[in-house]
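Asker:
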Amino acid sequence: FMEPLISKVPMMVIEANHKIEPQADGITFKSYLTRFAIPSNESRSNNNFYYSFDARGVHFVMLGAYVDYNSSGD
């Protein structure tokens, strides 16, 4: 249902509680991780749950709210 829109309109996403969708293999956010192209490598992030990007002179920082953050950043 999303493909007609996101194939024409740029969209940057971040996970939220409605994307948790626990799977039988125990991986949460599996659909989020496989459905969207996240520029985490380009922003030197080691995780698709937080990343940043520049667009038209603005630096956007995307921080997921449902990920366990710790002092090491893993």
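Under full-length UniProt numbering, the first residue of the sequence shown carries the number 1, and numbering increases by one thereafter. Ideal Cβ positions, reconstructed from N, Cα and C, are used throughout, including at glycine. These numbers were taken from a predicted model, which means no experiment stands behind them.
Measure the C-alpha to C-alpha separation of VAL58 and ALA65 and round it to an integer number of angstroms.
Answerer: The residue you call residue 58 lines up with position 58 of the sequence shown. The residue you call residue 65 lines up with position 65 of the sequence shown. About 22 Å.
Asker: Given a cut-off of 8 Å, decide if PRO39 and TYR50 are closer than it, judged by their beta-carbon atoms.
Answerer: The sequence position of residue 50 within the sequence shown is 50, counting from 1. The sequence position of residue 39 within the sequence shown is 39, counting from 1. No, Cβ-Cβ distance for TYR50 and PRO39 is not below 8 Å.
Asker: Roughly how many whole angstroms lie between the Cα atoms of GLU21 and VAL9?
Answerer: Position 21 of the sequence shown, counting from 1, holds the residue named residue 21. Position 9 of the sequence shown, counting from 1, holds the residue named residue 9. Rounded to whole angstroms, GLU21 to VAL9 spans 25 Å at the Cα level.
Asker: Keeping to the same chain, check which residues put their C-beta closer than 7 Å to that of GLU3; ignore five residues upstream and five downstream.
Answerer: Indexing the sequence shown from 1 puts residue 3 at position 3. Nothing listed; no residue qualifies.
Asker: Which partner residues of TYR32 appear in the DSSP bridge assignment?
Answerer: In the sequence shown, residue 32 corresponds to position 32, counting from 1. Beta-bridge pairing links TYR32 to no other residue.
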